[in-house]
């Protein structure tokens, strides 16, 4: 359009001396003004709100007035709206009048920036030919970010000149504790897998040893100073302790058995006479020189039963 105006102006000057010269100059001036008014004007961009919030949508209007025959292209929403994101676009029909055509668009934007003031300036492209466009930028418009979190900031920063040490309660490091317990559990399991039989055998042997040791101390205390005056009481307690110990060793109810049943359950030729002697001392008070020998026989039978059980545990474990 600008390339055509000088030619018209030159031809009009050649006829300026005619009687219609003044009219021609007026028409040329009027045509030049109208054509300049009908040319593309810079686009106008404007936020439709003064303040925005992070993550909340707001609108931005963009319009351009241009010649009716001029093709225009609005900016790419993925490239030219940074730092804003375009969520929606509202297009409006072209309005054409004597001043040219008016195209306008309203964009719905979202901002995630934290800057107090945010600006936007976008281009509109005018088609010159099939291979080239001219970018015309809009005005720069500013919007203010609205803060939702109120902050109470001190007017001055003053360092404390005196401070007191605040005692802190010790806190348990639970992850470290769980790790230690897991390691100990794994080691314990590994030890029982490798040495489980040996440990179990030693525990059983110790249990039998402890029971025999307690029986030996009690039996020796009851029979050590036995005499005709205390034989009935002490011998009775010694026989009861002996029966209970054999009952635990052999897993048989010796405490409820008679003398004959006990003699039949334990294969020892001396046991029957020893039990009869104890019955005479306990129930008849007949203390004699054979009393000490009978008590000794009962102890030897209990000691032999203990050694048999101990040997059985060793044989089962090694087998």
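Residue numbers (the working numbering): 6 to 324.
No residue lacks a Cβ here, since even glycine has one placed at the ideal position from N, Cα and C.
Item                                                                                                                                                                           : Value
What do you get for residue 76, buried or exposed, if any count of 16 or more other CB atoms within 10 angstroms of its CB means buried?                                       : exposed
Work out the CA separation of residue 100 and residue 67 for me, nearest whole Å.                                                                                              : 14 Å
Starting from the Cα of residue 298, find the closest Cα among 281, 117, 181, 51 and give me that residue.                                                                     : 281
For residue 144, does the three-state DSSP call read helix, strand or coil?                                                                                                    : coil
Around the Cβ of residue 177, are there at least 16 other Cβ atoms within 10 angstroms (buried) or fewer (exposed)?                                                            : exposed
With a threshold of 7 Å on Cβ separation, who are the neighbours of residue 313 within its own chain once the five nearest residues in sequence on each side are excluded?     : none
The alpha helix (DSSP H) with residue 226 in it runs from where to where?                                                                                                      : 179-228
Pop quiz: residue 247 and residue 214 are said to be a contact at Cβ under 8 Å. What is the actual Cβ separation, rounded to whole angstroms?                                  : Their Cβ separation, rounded to whole angstroms, is 18 Å, which puts residue 247 and residue 214 out of contact at 8 Å.
Determine the closest residue to residue 315 out of 216, 258, 232, 227, with distance taken between C-alpha atoms.                                                             : 216
Flag this pair as touching only if the stretch 49-66 and the stretch 115-123 have three or more C-beta atom pairs under 8 Å; answer yes or no.                                 : yes
For the beta strand (DSSP E) containing residue 245, name the first residue and the last one.                                                                                  : Premise fails: residue 245 lies in the alpha helix (DSSP H), 236-255, not in any beta strand (DSSP E).
Checking the sheet assignment: what are the DSSP bridge partners for residue 78?                                                                                               : 130
Name the one or two DSSP bridge partners that residue 260 has.                                                                                                                 : Looking at the DSSP assignment, residue 260 forms no beta bridge with any residue, so it has no partner.
Buried or exposed: which applies to residue 108, given that a residue is buried once 16 or more other Cβ atoms fall within 10 Å of its Cβ?                                     : buried
If you draw a straight line from the alpha carbon of residue 292 to that of residue 308, how long is it in whole angstroms?                                                    : 24 Å
What residue from 188, 136, 102, 183 has the CA that sits closest to residue 74's CA?                                                                                          : 102
Excluding the five sequence neighbours on either side, which residues of its own chain have a C-beta within less than 7 Å of the C-beta of residue 210, listed in chain order? : 315, 318
Excluding the 5 residues preceding and the 5 following residue 53 in the sequence, name in chain order all residues of the same chain whose CB lies nearer than 8 Å to its CB. : 63, 64, 65, 66, 111
Our contact map puts residue 254 next to residue 243 with C-beta atoms below 8 Å; I'd like the distance itself, whole angstroms only.                                          : With 8 Å as the limit, residue 254 and residue 243 do not qualify as a contact, their Cβ atoms being about 16 Å apart.
Residues in its own chain within less than 8 Å of residue 257 by CB, not counting five upstream and five downstream?                                                           : 251, 270
Taking the C-alpha atoms as reference points, what is the distance between residue 266 and residue 203?                                                                        : 37 Å
Report yes if the C-beta distance between residue 129 and residue 86 is below 8 Å; otherwise report no.                                                                        : no
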